[in-house]
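Have a look at the structure below, then the notes.
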Amino acid sequence: AAGCKSRAVVTDMNQPVAPAIGNAVEVTEALKVLTDPKPEQRLCQLTIALTGELLELAGVSSSAEEGGRSALSVLTSGKAAEKFVAMVAELGGPMDVLDGGPMAHLPVAPVIQPVFPCEGGVVEAIDGQILGNLVVQLGGGRTTPQDEIDPRVGLSQVAGLGETVDEHRPFAFVHAAKLSDVEAAAPAVQAAFQLGSNAAIPPLIHGRLDG
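What follows is the structure in structure tokens.
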């Protein structure tokens, strides 16, 4: 109504976009897109797609596809990472924010433990609500406005649809403030994954809606 061009990209929500759920662990995955972009991975793929849409809406690119190619070029050349470092520095952050790896300047949970399946299989379905609520219970979100958030906690290396989990490949790693929190979280992690022998992998982007 204000005359601003807008577009919604309808994305798949049958699994996490990134293999991490939580505060510091999600930032870590975002930094990996900047420093080591892999277009075949969901978060990088979505980043490129959204940037392409924005560049088309802004008139910088003739199409979203062309904009996506430009975004990928900027990512792979390192220019996007350089700009991010400059933005962080302007906001009072460290100049070496990307030095030493993505976790170098982020808080790390004191306990990080894997949760394995009772029996191996292929991930056929993931209950994202269970995983999201679990991160809140670990302290990574609020149930009341007064709650303090622990940015260290969450889930990393979360298995995706079609992945095989077994005694060597866990469902995920739980990042927690104490060991008892990991032990309490393990049943919820196991309950969030449905295993079988095959899995249908839905497309990341289902459609686009112009405002």
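All letters in the sequence shown, in the order written, are residues 1121 to 1331 by this note's numbering.
In this text, a Cβ means the ideal position worked out from N, Cα and C, and glycines have one as well.
- A direct Cα-to-Cα measurement between glycine 1240 and glutamate 1287 gives close to 7 Å.
- Its Cα nearest to that of threonine 1284, the residue Leu1315 stands out among Ala1311, Leu1315 and Gly1261.
- Per the C-alpha coordinates, the member of Leu1175, Val1309, Gly1220 and Ala1206 positioned closest to serine 1276 is Val1309.
- Taking all protein chains shown into account, threonine 1263 has fewer than 16 neighbouring C-beta atoms within 10 Å of its C-beta and is therefore exposed.
- Under the three-state reduction of DSSP, threonine 1264 is assigned to coil, being neither helix nor strand.
- The C-beta distance from leucine 1226 to alanine 1305 rounds to 20 Å, too long to fall under 8 Å, and the pair is not in contact.
- Following the DSSP letters along the chain, one finds proline 1234 in no alpha helix (DSSP H) but inside the beta strand (DSSP E) bounded by residues 1231 to 1235.
- Our two residues, alanine 1138 and glutamate 1160, have alpha carbons roughly 12 Å apart in a direct line.
- Non-local C-beta neighbours of asparagine 1318 in its own chain, meaning closer than 8 Å and more than five positions away in sequence, comprise Val1242 and Glu1244, ordered along the chain.
- For serine 1276, the beta-bridge partners assigned by DSSP are Ala1140 and Phe1293.
- Comparing alpha carbon positions, the residue from Gly1212, Pro1290, Asp1270 and Arg1328 closest to valine 1145 is Asp1270.
- Cβ atoms of glycine 1260 and glycine 1142 come within 8 Å of each other, at about 5 Å.
- Under the three-state reduction of DSSP, glutamate 1244 is assigned to strand.
- DSSP places isoleucine 1325 in the uninterrupted beta strand (DSSP E) bounded by 1325 to 1330.
- Residue pairing by DSSP puts valine 1129 in a beta bridge opposite Arg1328.
- In chain order, Ala1200 place their CB closer than 8 Å to the CB of valine 1194, counting only its own chain and leaving out the 5 sequence neighbours on each side.
- A contact between stretches requires three or more CB pairs, one per stretch, nearer than 8 Å, and the region 1217 to 1235 meets this requirement with the region 1291 to 1302.
- Excluding sequence positions up to five before and after serine 1183, its CB lies within less than 7 Å of the CB of Glu1176, all in the same chain and listed in chain order.
- Shown here for threonine 1171: same chain residues with a beta carbon closer than 6 Å to its own, the five before and five after excluded, namely Ala1191 in chain order.
- Around the CB of proline 1222, 16 or more other CB atoms lie within 10 Å, so the residue is classed as buried.
- Exclusion of the five residues before and after proline 1323 leaves Asp1132 as the residues of its chain whose Cβ lies within less than 8 Å of its Cβ.
- Counting only unbroken stretches of 4 or more residues, the alpha helix (DSSP H) elements lying wholly within the region 1156 to 1244 are 1162 to 1177, 1184 to 1197 and 1199 to 1210, in sequence order.
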